[in-house]
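*Asks:*
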Amino acid sequence: NWTGRCFRARVRRIMTNLLPFAFLAILCVFFPVYKQETSLTNKNWKKTTKGEWIIKFYSDKCGACVQFQKEWLKFREKVEELGFSVRLGEVNVDKEMELAIRFFVTSLPTLIWSDQGKFYVYTAGRSHSDLLEFAELGAKGKATEIPWFRAPDSYGVRGLVSFLSVILKFQRFYQTFIEK
1 NWTGRCFRAR
11 VRRIMTNLLP
21 FAFLAILCVF
31 FPVYKQETSL
41 TNKNWKKTTK
51 GEWIIKFYSD
61 KCGACVQFQK
71 EWLKFREKVE
81 ELGFSVRLGE
91 VNVDKEMELA
101 IRFFVTSLPT
111 LIWSDQGKFY
121 VYTAGRSHSD
131 LLEFAELGAK
141 GKATEIPWFR
151 APDSYGVRGL
161 VSFLSVILKF
171 QRFYQTFIEK
């Protein structure tokens, strides 16, 4: 039957043209492209214990943080451009106070290097070139290791964070009670 052969040929041609797109769609489903930068919260911070991360603690109300943001953006662009394996995370301490307590953040902006569950506080310069060198070399020389008893996932820190989060919840409740 002539119409049947034409129809099958047309379907075959369409399928041949669509095959690369179907393959690409399957790749996107099974191998999604992740965003280099991640907003970290008290619920998802544990993913920083796997792989290499640079975590930035900041506040929108902090003048030094606002100034540092320009350098951070240049640094982020270069990390993506050069294809570094390090992932970038950000913590807004105004919204995630418990996470700032967990990492013992005492000044802003603070940068922490995480490498397979070991954490280091970055202590060198704040220019994007200094940060690129840090991302390339890791924690060697430009960071001090956080001791095991102050590690964010240690038992003592978990207890401290639990206690302080109850106090923070009470404070928020009290503030909303006073405002009404």
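Reading the sequence shown from the start, the letters are residues 1 to 180 in UniProt numbering. Every residue, glycine too, gets a C-beta built ideally from N, C-alpha and C. Remember, it's a predicted structure, so these values are computed and weren't measured experimentally.
For the candidate residues E98, Q116, Y174, D115, whose alpha-carbon lies nearest to that of G159?
*Replies:* For G159, the nearest C-alpha among the options comes from E98.
*Asks:* I'd like the list of long-range same chain contacts for K50, defined as Cβ closer than 8 Å, with 5 residues on each side in sequence excluded.
*Replies:* Q116, G117
*Asks:* Taking the DSSP output, what are the residues bridged to T144?
*Replies:* V121
*Asks:* Please classify F103: does DSSP put it in a helix, a strand, or coil?
*Replies:* Three-state DSSP puts F103 in coil, outside helix and strand.
*Asks:* Where V166 and E133 are concerned, what is the direct C-alpha to C-alpha distance, given to the nearest angstrom?
*Replies:* Here the alpha carbon of V166 sits roughly 40 Å from the alpha carbon of E133.
*Asks:* Whole angstroms is fine: what's the gap from L111's alpha carbon to R12's?
*Replies:* 56 Å
*Asks:* What's the C-alpha gap between N92 and Y58?
*Replies:* 5 Å
*Asks:* Keeping to the same chain, check which residues put their C-beta closer than 8 Å to that of D60; ignore five residues upstream and five downstream.
*Replies:* V66, N92, D94
*Asks:* If you check the beta carbons only, do P152 and F177 fall under 9 Å apart?
*Replies:* Going by C-beta atoms, P152 is not nearer than 9 Å to F177.
*Asks:* Between R102, I55, G141, F75, which lies nearest to N42 when the distance is taken from Cα to Cα?
*Replies:* R102
*Asks:* Take V105 as the anchor and find which of V157, T38, F170 has the nearest alpha-carbon.
*Replies:* V157
*Asks:* Rounding to the nearest angstrom, what Cα-Cα distance links S107 and K180 in this structure?
*Replies:* Whole-angstrom Cα-Cα distance: 33 Å.
*Asks:* Could you tell me the alpha carbon to alpha carbon distance between G80 and K74, rounded to whole angstroms?
*Replies:* According to the sequence provided, residue 80 is Glu. The question's Gly does not apply to it. Each residue's Cα considered, the two are about 10 Å apart.
*Asks:* Compute the distance between the beta-carbons of L131 and E90, then report whether it is under 9 Å.
*Replies:* no
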